[in-house]
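Here's the structure, in structure tokens; my notes come after.
In my numbering, the protein residues as written are 856 to 1033.
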């Protein structure tokens, strides 16, 4: 049928989790992305209520900007593992369109490895920042929420992202060898 997607081919960069570990990672990444979507949906409703309260009763929800800041940051981290395992990151394949699949997979393995290194560094710094916030008892200004709580959610999502990156390196490396 014209215009129908070819189910025999996958989108560029899409990874197929065929082993139990990969399927478990894909399940966790999907679940985390759904939770991130729920967080953003709830945050949207929260913001609407606060704006209506500000406009109508001159009384916004106390600490709405703190909640928005923390929840948006957390939701972004929650989407990253899903994006990585689905191969949804931006790929500029202009220069690699004419090379062999093996060579392209080798380059993808290298790029995924570099991304893994970056994710590990960000995770390490988030852990340091979260521990620092916890040790110093940092709290938000209005609601007096402990700042380390925001870090902990981001760290868990980054750990999953690191595992997904490691898995994508393995898949692409294996693909480059076959």
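Glycine included, every Cβ here is placed at the ideal spot set by N, Cα and C. Just so it is clear, the structure is predicted and the values come from calculations on it, not from any experiment.
Next item on the list: Decide if the stretch 930-941 is in contact with the stretch 875-886; the criterion is three or more beta carbon pairs, one per stretch, under 8 Å apart.
Entry: Contact check between the stretch 930-941 and the stretch 875-886: three or more CB pairs, one atom from each, fall below 8 Å, which counts as touching.
Checklist line | C-beta atoms of residue 986 and residue 1020 nearer than 7 Å | finding: The answer is no: Cβ separation not under 7 Å.
Margin query: I'd like to know if the stretch 1011-1020 and the stretch 925-939 are in contact, where contact means that at least 3 CB-CB pairs between them fall below 8 Å.
Written below: Three or more beta-carbon pairs separated by less than 8 Å link the stretch 1011-1020 to the stretch 925-939, which places the two stretches in contact.
Checklist line | Nonlocal neighbours in the same chain, by C-beta distance under 8 Å from residue 1007, ignoring five residues either side | finding: Only residues of its own chain outside the window of five on either side were considered, and among them 985 have a CB closer than 8 Å to the CB of residue 1007, listed in chain order.
Item checked: Among 890, 887, 918, nearest to residue 902 - alpha-carbon criterion -> For the residues 890, 887, 918, the minimum Cα distance to residue 902 belongs to 918.
Next item on the list: Give me the Cα-Cα distance between residue 1015 and residue 975, rounded to the nearest whole angstrom.
Entry: The alpha-carbon atoms of residue 1015 and residue 975 are separated by roughly 11 Å.
Notebook entry, point to check: Looking at the structure shown, is residue 945 part of a helix, part of a strand, or coil, going by DSSP?
Noted result: Here residue 945 sits in coil by DSSP.
Check: residue 994 by DSSP, collapsed to three states: which one?
Finding: Reduced to three states, the DSSP call for residue 994 is strand.
Notebook entry, point to check: What did DSSP end up calling residue 915 once you bin it into helix, strand or coil?
Noted result: Under the three-state reduction of DSSP, residue 915 is assigned to coil, being neither helix nor strand.
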